[in-house]
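Residue numbers (our numbering), protein chains in the order written: chain A, 192 to 353; chain B, 192 to 353; chain C, 192 to 353. These notes are about the structure you will find just below.
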Amino acid sequence: MAEEEKNGTTMIVFDGDLDKAMASFIIATGAAAMGKQVTMFFTFWGLNVLRKENVKSSSEKTFMEKMFEKMMPRGPGKLKLSKMNYGGMGPKMMKKMMKNHNVSSLQEMIEMAQDLDVKMVACTMSMDVMGLKEEELIDGLEYAGVASYLSEAEEANINLFV
Amino acid sequence: MAEEEKNGTTMIVFDGDLDKAMASFIIATGAAAMGKQVTMFFTFWGLNVLRKENVKSSSEKTFMEKMFEKMMPRGPGKLKLSKMNYGGMGPKMMKKMMKNHNVSSLQEMIEMAQDLDVKMVACTMSMDVMGLKEEELIDGLEYAGVASYLSEAEEANINLFV
Amino acid sequence: MAEEEKNGTTMIVFDGDLDKAMASFIIATGAAAMGKQVTMFFTFWGLNVLRKENVKSSSEKTFMEKMFEKMMPRGPGKLKLSKMNYGGMGPKMMKKMMKNHNVSSLQEMIEMAQDLDVKMVACTMSMDVMGLKEEELIDGLEYAGVASYLSEAEEANINLFV
């Protein structure tokens, strides 16, 4: 494929902190609004961004999977800041300051990304390792592994690891 | 634009820790010295790298903006290490060891980057959210948002999120 | 060089946490298996991924270099998690859960990468600053600086900072 036609943007969302998640969705929605085909590949802690707040734990989980489930933050409302978290005060302040400046919340950015056809992919290997089930994650996701990410990145000209 | 002509390097400097800031400036100055057009886009905590050490707080700031102003490190001399910070001992040791090996300090790297015409852009949305004003940041910066970053990244063949 | 021929993938492995190291090797081995020329450039804390577990400290080291040597984790078996480390419990749990799902350990991934001819480069400037000697790192590495990384990245179409 000729390079001139490359029109993709991919992001590996590894981290799962509120601030990094916001940065990745600001880039994703910005790029999608400019007509780019955007793929976000959520892996490791990044999967926490996609968790629903209230899901009953599957009875098939092992003891360790249940521990991980309890200890990891459930969805955008529960994420920490990578810095200045101060036991949850930091995220509250950040959210307030974002609201004061009419910046969308992370929840709103996720919806906006879905409206703009940003492809959101959950890494199946990470889900296996962490014991996360499809029903624990929000709707509208695709499920795939690293090979799928790599072929998208191949066709993109902006590839970021966040 | 034909891909063969792409000659840019962009970096999103998100993190604002001393070690990551150094890594980004080492890459930036290296690429600029090789004749590449380099753009660094400073966002979120990355803005702290650009802060002046002594600026009087604007009286227009809200209470929370003043708190953020006080709690966030002011400029390259105050940044922490992402690991082994040990309450400030780590950065001191790191700086000493860099000096012993004739590695430039972060301050020097920033000046070098400006001499090499590295374009340093402060993210206006992050500045708004965190309450940082232009007069609190070093001179010679450009001010722009994510759309500006994306069009630069489009024309670059190395794009990193640091 | 025409863009169509670009077939490289580069990664700057900066962080040196177990989870990020695994993510980088999963990408590296995946890309190499798909026929890409992969280069991993280990810098700062990322060098810890390459350390041998038992090496006698060189008598030429300064006091601070010896302190860094002692405080930084020695090799893949000693790395922390970037989140949920819980004093070492997190990595143990993560390793157990990976084993349960037949995911290779980081040690195995490193060997696999070497079998697949992934080029692993240790950043000489970081080694100098941190006082790490070649004999402290695993075999089969190349040694180079940022200019070398940049020319590889120039010829690659996927470039990540992990």
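Quick reminder that beta carbons are idealized off the backbone N, C-alpha and C, glycines included. Keep in mind it's a predicted model, so treat the numbers as computed, not measured.
Closer than 7 angstroms at the beta carbon, the chain C residues around residue i
{"i": "Val309/B", "result": "Ordered by position in chain C, no residue passes the 7 angstroms Cβ test against Val309/B, which lies about 14 angstroms from the chain."}
{"i": "Ala344/A", "result": "Ile349"}
Alpha carbon of residue i to alpha carbon of residue j, nearest angstrom
{"i": "Ala335/C", "j": "Ala313/C", "result": "6 angstroms"}
{"i": "Thr201/A", "j": "Ala344/A", "result": "6 angstroms"}
{"i": "Phe259/A", "j": "Val337/B", "result": "35 angstroms"}
{"i": "Leu307/A", "j": "Thr220/A", "result": "7 angstroms"}
{"i": "Phe232/B", "j": "Leu241/A", "result": "27 angstroms"}
{"i": "Met192/C", "j": "Asn348/B", "result": "For Met192/C, the predicted model reports a pLDDT of 44, less than 50, meaning its position is unreliable; a value from the coordinates is still stated below. The straight-line gap from Cα to Cα measures roughly 13 angstroms."}
{"i": "Met262/C", "j": "Thr315/C", "result": "20 angstroms"}
{"i": "Val294/A", "j": "Ser339/B", "result": "18 angstroms"}
{"i": "Ala222/B", "j": "Leu332/A", "result": "38 angstroms"}
{"i": "Asp208/B", "j": "Asn239/A", "result": "24 angstroms"}
{"i": "Glu346/A", "j": "Glu346/C", "result": "15 angstroms"}
{"i": "Met285/C", "j": "Gly278/C", "result": "13 angstroms"}
{"i": "Lys287/C", "j": "Lys287/A", "result": "40 angstroms"}
{"i": "Met225/A", "j": "Ala224/B", "result": "32 angstroms"}
{"i": "Lys283/C", "j": "Lys269/C", "result": "10 angstroms"}
Interface residues of chain B facing residue i [CB-CB closer than 7 angstroms]
{"i": "Gly221/A", "result": "Val337, Ala338, Leu341"}
{"i": "Ala214/A", "result": "Phe205, Thr234, Phe235"}
Amino acids of chain C, ordered along the chain, whose beta-carbon sits closer than 8 angstroms to that of residue i
{"i": "Leu351/B", "result": "Ile203, Asn350, Leu351, Phe352"}
{"i": "Met262/A", "result": "Met275"}
Expected contact under 8 angstroms - CB spacing of residue i and residue j to nearest Å
{"i": "Asn198/C", "j": "Lys227/C", "result": "6 angstroms"}
{"i": "Ser249/A", "j": "Lys310/A", "result": "Not a contact, Cβ separation roughly 26 angstroms."}
{"i": "Leu341/C", "j": "Asn350/A", "result": "Going by Cβ atoms, the distance from Leu341/C to Asn350/A rounds to 17 angstroms, so no, they are not a contact pair."}
{"i": "Ser296/C", "j": "Met289/C", "result": "7 angstroms"}
{"i": "Ile301/A", "j": "Pro267/A", "result": "7 angstroms"}
{"i": "Gly292/C", "j": "Asp319/A", "result": "The sequence as given places His at residue 292/C; Gly does not occur at that position. Right, their Cβ atoms sit about 5 angstroms apart."}
Within chain C, the residues that residue i reaches when beta carbons sit closer than 9 angstroms
{"i": "Val320/A", "result": "Met285, Met288, Met289, Asn291, His292, Val294"}
{"i": "Met316/A", "result": "Ile217, His292, Val294"}
Sequence-distant residues of the same chain with beta carbon closer than 7 angstroms to residue i, five excluded per side
{"i": "Val353/B", "result": "Met202, Ile203, Val204, Phe205, Asp206, Lys211, Ala214, Ser215"}
{"i": "Glu327/B", "result": "Arg242, Lys243, Val246"}
{"i": "Gly237/B", "result": "Val204, Phe205, Asp206, Gly207"}
Cut-off 8 angstroms between Cβ atoms - residues of its own chain near residue i, not counting five sequence neighbours on either side
{"i": "Gly322/C", "result": "Lys252, Thr253, Met255, Glu256, Lys257, Phe259, Glu260"}
{"i": "Gly281/C", "result": "Lys271, Leu272, Lys274, Met275"}
Contacts that residue i makes with chain A (C-beta to C-beta distance below 9 angstroms)
{"i": "Met225/C", "result": "Ala338, Leu341, Ser342, Glu345"}
Own chain residues within Cβ distance below 6 angstroms of residue i, not counting five before or after
{"i": "Thr230/B", "result": "Thr201, Lys310, Glu343"}
{"i": "Phe235/C", "result": "Phe205, Ser317"}
{"i": "Arg265/B", "result": "Arg242, Glu244"}
{"i": "Gln298/C", "result": "Pro267"}
{"i": "Gln305/C", "result": "Gly331"}
Contacts of residue i in chain A (Cβ-Cβ under 8 angstroms)
{"i": "Met280/B", "result": "Correct list: empty, because the minimum Cβ distance to chain A is about 19 angstroms."}
{"i": "Met255/B", "result": "Met284, Lys287, Met288"}
Neighbouring residues, chain A, relative to residue i (Cβ below 7 angstroms)
{"i": "Asp210/C", "result": "Phe235"}
Notebook entry, point to check: Of all the beta strand (DSSP E) runs that stay within the bounds of the stretch 215-243 of chain B, which reach a length of 3 or more residues?
Noted result: 228-233
Next item on the list: Starting from the N-terminal side, write out each stretch of the alpha helix (DSSP H) that is 4 residues or longer and does not extend beyond the stretch 309-348 of chain C.
Entry: 315-321, 337-345
Checklist line | Complete runs of the alpha helix (DSSP H) confined to the stretch 255-292 of chain B [at least 4 residues] | finding: 280-291
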